[in-house]
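Novice: Residue numbers (my numbering), protein chains in the order written: chain A, 1 to 192; chain B, 193 to 416.
Note that CB positions come from ideal geometry on N, CA and C, so glycine has one too.
Quantities reported herein were computed from a predicted structural model and do not represent experimental measurements.
The structure is given below, and queries will be raised subsequently.
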Amino acid sequence: MNSVILHGGREPHAGLDAACDHLADAFTGLGATVRTLRLAEMRIRPCAGCFGCWLRTPGECVHDDDGREVARALVEADVRVFLTPVTFGGYSSLIKTAEERGIPTISPLFRTIAGEMHHRRRYDYPSVLLAVGWQEAADAESAAVFASLVRRNGLNLHALAAESLVLTAALPAAEQRERIAALAARAKGALS
Amino acid sequence: MSRQILAVVGSPRPHGTSASLARYLTDALAARGWETHTLQACRAVRDEACWAELEQRFLAADVIVISTALYADSLPAELTLALERLAAVCASRPAAPAQRLLAIVQCGFIESHQNDVAVDICRLFARQAGIDWAGGLAFGGGGMVDGADMAAAGARCPHLRHALDLAVAAVDAGTDLPPEALAAARRRPLPVWLYAFMANLSMLREARKRGVLRRLNAQPYRRR
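Have a look at this one:
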């Protein structure tokens, strides 16, 4: 099992950094390889919405920067993890930038699944999407939107499973570790 | 003194559907005496002078409209970055003036509900920034507008034009978007299968025109 963690914190962040360590420990404990991409340290230009990755250089973004490495890492991973401050119920701008550079990894063509339109897959590797969000203070409303976003991403990425976990500063470290370990175990279960 | 509306265009495409919908709204409000400004989020986060203008217009606006395409089920990255920065600006102001924010979110899928998360994100931004939420129009089938002027595209999407007209009236009256506007935007003009068929046909034609039809499903990152 290969996993990739996209770390979407902009600066050193005790909560996210600890969660990243817990994720790495959990996947290693399950026998998985772990690759962590600290997005703040990478040079990733935002998606220009130019359709070049579909109609000029199919499957690859026209920007030659670290965003291509992100796209490759997403394809190679059985488990994709977005680690992010919960931002208005969504992902941080760093995660969004990286996620959108994954657009080349889907097909420009559409299909309908259960009566709903989705892009077709470009790659047929089964994968699981996990998103771990951080809130300084618990906010059920934004956590619910976050969960909806992860569900929608799971549908549009054809993930075998898509699950979110929101951690807060008030949650004891041991409990955070435990919840992350359980999340990783469920991801492995979904793949098997 | 005339009332001010700022349209923040979220899509990185300067002449895309997001810009077209924002223009329709601001033109109609200008005709009603509003002072209107339109800025692209991606330009603002890349350029200091443009950011300064965005910040100033944002703080001065009576109404802010976010008009954007859906990117990976939520807001585009540079719009998200702009909202992160604007939320920090709003957090430092001593007292929030009365402002309203509405959103227009459209996507290439025919189902309007695929925009719901993005609308919620705009709503939660408004909450965090201390701005009154006026509502969000969620529109599927953005490809039917395809950046065209709504005066022309309105014939293809009369429901959308109707929703925007209702939104203009609500903004001018200082009220929330009425349920009729939200419902009109959500109307599905074509069956899913037909829209998907047409979208695929259009994509295949474009690929053939550009000489990449045989490579359309290329897999440069295939696992070794």
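Is it the case that the Cβ atoms of C47/A and Y413/B are separated by a distance below 8 Å?
Specialist: Looking up residue 47/A in the first sequence gives position 47. Looking up residue 413/B in the second sequence gives position 221. Not in contact: C47/A and Y413/B (Cβ atoms no closer than 8 Å).
Novice: Measure the CB-CB distance between N156/A and D265/B and report whether it falls below 8 Å.
Specialist: Here residue 156/A corresponds to residue number 156 of the first sequence, with the count starting at 1. Here residue 265/B corresponds to residue number 73 of the second sequence, with the count starting at 1. Yes, they are a contact pair.
Novice: Extract the residue ranges of the beta strand (DSSP E) inside the stretch 294-351 of chain B, only unbroken runs of 3 or more that lie entirely within it.
Specialist: The stretch 294-351 of chain B contains these whole beta strand (DSSP E) runs: 324-331.
Novice: In chain order, what residues of the same chain have a beta carbon less than 8 Å from the beta carbon of P204/B, not counting five sequence neighbours either side?
Specialist: Here residue 204/B corresponds to residue number 12 of the second sequence, with the count starting at 1. Excluding positions up to five away in sequence, the list reads Q232, C234, P268, E270.
Novice: Starting from the beta carbon of P412/B, find every residue of chain A whose beta carbon is closer than 7 Å, and list them in chain order.
Specialist: For this step, residue 412/B is matched to residue 220 along the second sequence. Correct list: G59, E60.
Novice: Let me know the secondary structure DSSP gives I5/A once reduced to three states.
Specialist: On the first sequence, residue 5/A is found 5 positions in, with the first residue counted as 1. Note: I5/A maps to strand in three-state DSSP.
Novice: For A174/A, which three-state DSSP category applies?
Specialist: Residue mapping note: residue 174/A aligns to position 174 of the first sequence, counting from 1. DSSP places A174/A in helix when its eight states are reduced to three.
Novice: Suppose the cutoff is 7 Å on Cβ atoms and the five residues either side in sequence are ignored; what does the same chain contact list for L74/A look like?
Specialist: Within the first sequence, the letter at position 74 stands for residue 74/A. Excluding positions up to five away in sequence, the list reads V4, R80, G102, T105.
Novice: At least one CB of chain B closer than 8 Å to the CB of E136/A: is that the case?
Specialist: Sequence index remark: in the first sequence, residue 136/A carries index 136 (1-based). No, because no Cβ of chain B sits closer than 8 Å to the Cβ of E136/A.
Novice: Between L213/B and the rest of its own chain, which residues show a CB-CB distance below 6 Å, the 5 nearest in sequence each way excluded?
Specialist: For the purposes of this step, residue 213/B is identified with residue 21 of the second sequence, where counting begins at 1. Closer than 6 Å at the Cβ level, and outside the excluded window around L213/B, lie S259, I296.
Novice: By how many angstroms is the C-alpha of A261/B removed from the C-alpha of L294/B?
Specialist: On the second sequence, position 102 is the one that residue 294/B refers to. On the second sequence, position 69 is the one that residue 261/B refers to. Each residue's Cα considered, the two are about 14 Å apart.
Novice: Mind checking which residues open and close the alpha helix (DSSP H) that includes T168/A?
Specialist: Along the first sequence, read from residue 1 onward, the residue named residue 168/A stands at position 168. Element bounds for T168/A: not the alpha helix (DSSP H) but the beta strand (DSSP E), 161-168.
Novice: Measuring only the C-alpha atoms, how far is L30/A from A98/A?
Specialist: Indexing the first sequence from 1 puts residue 30/A at position 30. Indexing the first sequence from 1 puts residue 98/A at position 98. About 26 Å.
Novice: Taking Cβ positions only, does A233/B come closer than 8 Å to chain A?
Specialist: To locate residue 233/B, count along the second sequence from 1; it is residue 41. With 8 Å as the cut-off, A233/B does not count as an interface residue toward chain A.
Novice: Judging by CA-CA distance, which residue of A222/B, F389/B, G327/B is the nearest neighbour of I197/B?
Specialist: The sequence position of residue 197/B within the second sequence is 5, counting from 1. Minimum Cα distance to I197/B is reached at A222/B.
Novice: Quick one: list the residues of chain A neighbouring Y263/B, beta-carbon separation under 9 Å, in chain order.
Specialist: In the second sequence, counting from the first residue as 1, residue 263/B sits at position 71. Neighbours of Y263/B on chain A, chain order: C47, G49, K96, E99, E100, I103.
Novice: From T228/B to A244/B, what distance separates their C-alpha atoms?
Specialist: Translated into the one-based positions of the second sequence, residue 228/B becomes position 36. Translated into the one-based positions of the second sequence, residue 244/B becomes position 52. Cα-Cα distance, rounded: 17 Å.
Novice: Keeping to the same chain, check which residues put their C-beta closer than 6 Å to that of A131/A; ignore five residues upstream and five downstream.
Specialist: Numbered from its first residue, the first sequence carries residue 131/A at position 131. F82, V150, S164.
Novice: If I measure Cβ to Cβ from Q320/B and keep anything under 6 Å in the same chain, skipping five residues before and after, which residues do I get?
Specialist: The residue given as residue 320/B occupies position 128 in the second sequence. Taken in chain order, the residues that qualify are A279.
Novice: Please tell me whether P381/B and G335/B are closer than 8 Å, where the distance is taken between their beta carbons.
Specialist: Taking the first residue of the second sequence as position 1, residue 381/B is located at position 189. Taking the first residue of the second sequence as position 1, residue 335/B is located at position 143. No, these two residues do not count as a Cβ contact at 8 Å.
Novice: Mind checking G366/B: buried by the 16 CB within 10 Å criterion, or exposed?
Specialist: Residue mapping note: residue 366/B aligns to position 174 of the second sequence, counting from 1. Around the Cβ of G366/B, a 10 Å sphere holds fewer than 16 other Cβ atoms; the residue is exposed.
Novice: With DSSP collapsed to three states, give me the class of L262/B.
Specialist: Taking the first residue of the second sequence as 1, we reach residue 262/B at position 70. Looking at L262/B - three-state DSSP - the assignment turns out to be coil, as it is neither helix nor strand.
Novice: Can you tell me whether G221/A is buried or exposed? The criterion is at least 16 other CB atoms within 10 Å of its CB, across all chains shown.
Specialist: As shown, chain A starts at 1 and ends at 192. That puts residue 221/A outside it, with no answer to give.
Novice: Is it right to say V255/B is buried, meaning 16 or more other beta carbons lie within 10 angstroms of its own, or is it exposed?
Specialist: Here the question's residue 255/B lines up with position 63 in the second sequence. When all chains shown are included, V255/B counts as buried.
Novice: Taking 7 Å as the limit between beta carbons, can you name the residues of its chain near E372/B, skipping five residues before and five after?
Specialist: If you number the second sequence from 1, residue 372/B lands on position 180. For E372/B, where only same-chain residues beyond five positions count, the Cβ hits under 7 Å are L358.
Novice: For G197/A, write down the residues that DSSP places opposite it in a beta bridge.
Specialist: The first residue shown for chain A is 1 and the last is 192, placing residue 197/A beyond what the model contains.
Novice: Taking the Cβ atom as the reference point for each residue, do Q411/B and R122/A lie within a distance shorter than 8 Å?
Specialist: Working through the second sequence from its first residue, we reach residue 411/B at position 219. Working through the first sequence from its first residue, we reach residue 122/A at position 122. Going by C-beta atoms, Q411/B is nearer than 8 Å to R122/A.
Novice: On a CA-only basis, which of A187/A, H118/A, L183/A is nearest A391/B? Give me that one, please.
Specialist: Within the second sequence, residue 391/B is the residue found at index 199, counting from 1. When each option's Cα is compared against that of A391/B, the closest is H118/A.
Novice: State the Cα-Cα distance for the pair V309/B and V70/A, rounded to the nearest angstrom.
Specialist: Taking the first residue of the second sequence as 1, we reach residue 309/B at position 117. Taking the first residue of the first sequence as 1, we reach residue 70/A at position 70. Roughly 24 Å between the two C-alpha positions.
Novice: Using three-state DSSP, classify Q248/B as helix, strand or coil.
Specialist: What you label residue 248/B is simply residue 56 of the second sequence in a count that begins at 1. Helix.
Novice: Give me, in chain order, the residues of the same chain whose beta-carbon lies closer than 6 Å to that of V201/B; leave out the 5 immediate sequence neighbours on both sides.
Specialist: Here residue 201/B is taken as the residue at index 9 of the second sequence, counted from 1. If we look at V201/B and ignore the five residues flanking it on each side, its Cβ neighbours are S210, A211, A214, Q232, S259.
Novice: Give the DSSP-derived three-state secondary structure of H354/B in the structure shown.
Specialist: The sequence position of residue 354/B within the second sequence is 162, counting from 1. In this structure, H354/B counts as helix in the three-state DSSP scheme.
Novice: Could you list which residues in chain A have their beta carbon closer than 8 Å to that of Q320/B, in chain order?
Specialist: In the second sequence, residue 320/B corresponds to position 128, counting from 1. Within chain A, F88 have C-beta atoms less than 8 Å from the C-beta of Q320/B, given in sequence order.
Novice: In whole angstroms, what is the alpha-carbon distance linking L356/B and Q135/A?
Specialist: Residue 356/B sits at position 164 when you count from the first residue of the second sequence. Residue 135/A sits at position 135 when you count from the first residue of the first sequence. Cα to Cα, L356/B sits roughly 35 Å from Q135/A.
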